[in-house]
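Worksheet for the structure shown next.
There are 2 protein chains.
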Amino acid sequence: MTTLGYAILGLLAQEALSGYDLTQRMRGRVGNFWSARHSQIYPELARLEEDGYATHRVVEQQERPDKKVYEITPDGLEALKVWATKPPSPRPTREELVLKAYSIWLAEPEKAARMFRDEELRHEEQLASYEETRAWMEGEWGEDLARPETSRFASYATLRRGIIYEKGYAEWCRWVAESVERASELAGEREKKSR
Amino acid sequence: MTTLGYAILGLLAQEALSGYDLTQRMRGRVGNFWSARHSQIYPELARLEEDGYATHRVVEQQERPDKKVYEITPDGLEALKVWATKPPSPRPTREELVLKAYSIWLAEPEKAARMFRDEELRHEEQLASYEETRAWMEGEWGEDLARPETSRFASYATLRRGIIYEKGYAEWCRWVAESVERASELAGEREKKSR
DNA sequence: CAGACATATGTCAAGAGTGACATAACGAGA
DNA sequence: TCTCGTTATGTCACTCTTGACATATGTCTG
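Residue numbers (my numbering), protein chains in the order written: chain B, 14 to 208; chain H, 14 to 208.
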């Protein structure tokens, strides 16, 4: 079983979904920490079904094309449950921006500062969007958020990871940008004085 | 040019290195945000040389096998400089542990808590190791850390990202573990009372 | 002297993931 | 009527990445 398989099972454990539905989910909440295109999802669904972890039935629709709705099987649920507490295999973190930071000493300070400010904004925006969802969850779901046996708690937990991640990323971008800007200003002043 | 190519150029911009040296670097500092095995590095070096971004000379050694030491060319340096401030292409974040958290409501609380405590420890340890390096850098490199035109500043910047990342990750693991543990205790108490 | 380990460089098959191509039904608007 | 957008499912070629296989030199330890 692949990690993508478990990602799909994780969604199917909450509700029956079509490949198309799954593709949408992989852009949203779940997509923020595991994403996939439909070209990966459809073959993976076939594999899950072959392995007995999911089944599908065709739902005929009149105002749209028919769809295949997938449901998780007891075997699938059991496999997911076991996987969920097995220690994750350590995957390397790959962050292009941090790699760029490693070579930032070669770049023009103005361009460098601009890039980090842009990225700071991107992460601040993502953070704001997460915080909105968080406020909604806390208002709407209330006590469930303290009950780890509910899927609501699980959704909330992943959201909290997103919030911490984006907060940290934005903070770091800001620090880099400020460092570069501060140094540029000092250089500018020195130049003025020497004239 | 691939991202891995720029990762290698980023290292070569600081010093001339062999493929073997690069493989070691890809496990350490740089490997914490971009990693590669030697099976990827050797072909990539050949490609960099073909494209004129790097050159190599064979260094004969008596106590070990000979090696090829690679150096970045002016073209390579220029390409790296341009790349360093181009906005990074948004790559999806893939974190298996967060995906597991999404299905944690299905799992046994004891196993779930144990896994998150284990992961918390792992990230605390990585954090401690980063903090050590940080203390060393701040003591040893002093004023350079405020000069964005130095490669030392760049190394320090990537380290700071690592520190924020690990701190946030450990914090989140702790929060999940505590939530699960708290709920288990409450459930235990309720059970005792009802007897 | 055998075996393990570090240095050193390479290839190759297989899997994961992306982007493009392909098809089809239906609704809405020009 | 034509085109565009949404829903819906699929394939394919290519790239990136991993893990295994392969080879060679020299040191150190039992």
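Idealized CB from N, CA, C, for every residue including glycine.
Does any CB atom of chain B fall closer than 8 Å to the CB of residue i?
i, result
"Ser102 of chain H", "yes"
"Arg173 of chain H", "yes"
"Tyr66 of chain H", "no"
"Trp118 of chain H", "yes"
"Glu149 of chain H", "With the sequence shown as reference, residue 149 of chain H is identified as Trp, and Glu is not the correct amino acid for it. No, Trp149 of chain H lies away from the interface with chain B (no Cβ there is under 8 Å from its Cβ)."
"Trp154 of chain H", "no"
"Gly181 of chain H", "yes"
"Gly23 of chain H", "yes"
"Glu76 of chain H", "no"
"Pro122 of chain H", "yes"
"Lys113 of chain H", "yes"
"Arg160 of chain H", "yes"
Using DSSP with H/G/I as helix, E/B as strand and the rest coil, what is residue i?
i, result
"Tyr83 of chain B", "strand"
"Ser142 of chain B", "helix"
"Ser116 of chain H", "coil"
"Ser52 of chain H", "helix"
"Thr98 of chain H", "coil"
"Glu76 of chain B", "coil"
"Trp47 of chain B", "coil"
"Ala29 of chain H", "coil"
"Ser122 of chain H", "The identity of residue 122 of chain H in the sequence shown is Pro, whereas the question assumes Ser. Helix, per DSSP."
"Gly41 of chain H", "coil"
"Glu57 of chain B", "helix"
"Arg147 of chain B", "helix"
"Arg135 of chain H", "helix"
"Arg104 of chain H", "coil"
"Arg127 of chain H", "helix"
Assuming residue i is part of the beta strand (DSSP E), what are its boundary residues?
i, result
"Arg173 of chain B", "Not the beta strand (DSSP E): Arg173 of chain B falls in the alpha helix (DSSP H), residues Ser164 to Ser207."
"Thr68 of chain H", "Ala67 to Val72"
Taking buried to mean at least 16 other C-beta atoms within 10 Å of its own C-beta, is residue i buried or exposed?
i, result
"Lys113 of chain H", "buried"
"Leu199 of chain H", "exposed"
"Leu134 of chain B", "exposed"
"Pro122 of chain H", "buried"
"Thr171 of chain H", "buried"
"Glu108 of chain H", "buried"
"Trp185 of chain H", "buried"
"His136 of chain H", "buried"
"Trp118 of chain H", "buried"
"Thr36 of chain B", "buried"
"Gly155 of chain B", "exposed"
"Gly89 of chain B", "buried"
"Ser102 of chain B", "exposed"
"Gly201 of chain B", "exposed"
"Arg203 of chain B", "exposed"
Does residue i come within less than 8 Å of chain H when only Cβ atoms are used?
i, result
"Asp131 of chain B", "yes"
"Tyr19 of chain B", "yes"
"Leu30 of chain B", "no"
"Trp47 of chain B", "yes"
"Leu58 of chain B", "no"
"Glu241 of chain B", "Residue 241 of chain B lies beyond the residue range present for chain B, which begins at 14 and ends at 208; the question has no answer from this structure."
"Ser192 of chain B", "yes"
"Thr98 of chain B", "yes"
"Ile177 of chain B", "yes"
"Met128 of chain B", "yes"
"Tyr83 of chain B", "no"
"Tyr143 of chain B", "no"
"Thr106 of chain B", "yes"
"Ala92 of chain B", "no"
"Thr36 of chain B", "no"
"Leu140 of chain B", "no"
"Thr163 of chain B", "yes"
"Thr146 of chain B", "no"
"Val189 of chain B", "yes"
"Thr10 of chain B", "Here chain B comprises residues numbered 14 to 208, so residue 10 of chain B is not present and cannot be evaluated."
"Glu137 of chain B", "no"
"Leu110 of chain B", "yes"
Between which two residues does the alpha helix (DSSP H) containing residue i stretch?
i, result
"Asp64 of chain B", "No alpha helix (DSSP H) holds Asp64 of chain B; DSSP gives it neither H nor E."
"Arg38 of chain B", "Gly32 to Arg38"
"Leu22 of chain H", "Thr16 to Leu25"
Review point. With a cut-off of 8 Å, do at least 3 Cβ pairs link the region 78-97 of chain B to the region 137-148 of chain B?
Key: no
Exercise for review: Inspect the CB distances between the region 189-208 of chain B and the region 33-49 of chain H and report whether three or more fall short of 8 Å.
Suggested key: Pairwise C-beta distances place the region 189-208 of chain B out of contact with the region 33-49 of chain H, as fewer than three of them are shorter than 8 Å.
Check your understanding: Does the count of Cβ pairs from the region 154-169 of chain B and the region 18-36 of chain H closer than 8 Å reach three?
Key -> no
Check your understanding: Any chance the region 69-79 of chain B sits against the region 56-70 of chain H, with 3 or more Cβ pairs inside 8 Å?
Key -> no
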